[in-house]
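Each residue of the sequence shown is one higher than the last, beginning at 64 in this note's numbering. Below: the structure, in structure tokens.
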Amino acid sequence: MIQTNAYNYINVLDKALDASNLRETVIAHNLANVNTPGYKRREVDFESLLREELDKNKYISLDQKINNVNLTHLTATAHLDMAAYGYDYRLDGNNVDVDNENVELASEQLRYQLMSNSVTQEFSRLKTAIGS
Numbered sequence: 064m065i066q067t068n069a070y071n072y073i074n075v076l077d078k079a080l081d082a083s084n085l086r087e088t089v090i091a092h093n094l095a096n097v098n099t100p101g102y103k104r105r106e107v108d109f110e111s112l113l114r115e116e117l118d119k120n121k122y123i124s125l126d127q128k129i130n131n132v133n134l135t136h137l138t139a140t141a142h143l144d145m146a147a148y149g150y151d152y153r154l155d156g157n158n159v160d161v162d163n164e165n166v167e168l169a170s171e172q173l174r175y176q177l178m179s180n181s182v183t184q185e186f187s188r189l190k191t192a193i194g195s
């Protein structure tokens, strides 16, 4: 068996892509419920999970931090947006701002595309290193 850390960045990017996909789904759900009385917007926060996992090993290189990442701790979930929970934009109790959600959706689509390109580049580097 060959021990390698060659896929560590790809594995972390894979988790980030999963979170990005979930975030796009949650944003679409928020937009679909813009006219639902009492609906509270939901969000996905993957970045804090990743930051927490990387901060467990201070004073080492990023490569070493990535090698030490526990991928099971990088599973993003959707939750209520507690920062906006007490703020209702309308009298019916709904706190979804369509303009904000559309900006978030466009931003997330760009982020997903960037991470997809990064995964492609990582595989290309591995292919080059193997010599195929």
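All residues carry an ideal CB built from backbone N, CA and C; glycine is no exception.
CB of residue i to nearest heavy atom of the ligand HEM: below 7 Å?
i: Leu-143; result: As for the ligand HEM, it is missing from this structure, which has no ligand bound.
For residue i, collect the residues of the same chain with a Cβ closer than 8 Å to its Cβ; drop the 5 residues on either side in sequence, then sort them by chain order.
i: Pro-100; result: Asp-155, Gly-156 and Asn-157
i: Val-182; result: Ile-73, Leu-76, Asp-77 and Leu-80
In chain order, what residues of the same chain have a beta carbon less than 6 Å from the beta carbon of residue i, not counting five sequence neighbours either side?
i: Ile-90; result: Glu-164, Glu-167 and Leu-168
i: Leu-94; result: Glu-164
i: Glu-87; result: Glu-171
Among the options, which residue has its Cα nearest to the Cα of residue i?
i: Thr-138; options: Leu-80, Asn-130 and His-92; result: Leu-80
i: Met-145; options: Thr-191, Glu-106 and Val-132; result: Glu-106
i: Val-161; options: Lys-121, Val-97, Asn-68 and Ser-83; result: Val-97
i: Asn-133; options: Val-159, Ile-123, Asp-118 and Leu-143; result: Asp-118
i: Asn-108; options: Ile-193, Glu-185, Ser-83 and Phe-186; result: Here residue 108 turns out to be Asp, not Asn, going by the sequence shown. When each option's Cα is compared against that of Asp-108, the closest is Ser-83.
i: Arg-104; options: Glu-110, Lys-121 and Val-159; result: Val-159
Mapping the DSSP letters down to three states, classify residue i as helix, strand or coil.
i: Thr-112; result: Here residue 112 is Leu; the residue named in the question, Thr, does not match the sequence. Here Leu-112 sits in helix by DSSP.
i: Ala-141; result: strand
i: Arg-104; result: coil
i: Ala-82; result: helix
i: Ala-174; result: With the sequence shown as reference, residue 174 is identified as Arg, and Ala is not the correct amino acid for it. Helix, per DSSP.
i: Asn-165; result: helix
Run the CB neighbour count on residue i, radius 10 Å, all protein chains shown included, and call it buried at 16 or more, exposed below.
i: Leu-177; result: exposed
i: Arg-114; result: exposed
Which residues in the same chain have their Cβ closer than 7 Å to the Cβ of residue i, if we skip the five residues on either side of it in sequence?
i: Glu-116; result: Val-132, Asn-133, His-136 and Leu-137
So residue i packs on residue j, CB below 8 Å; how close in whole Å?
i: Ala-141; j: Leu-189; result: With a Cβ gap of about 33 Å, Ala-141 and Leu-189 do not count as contacting.
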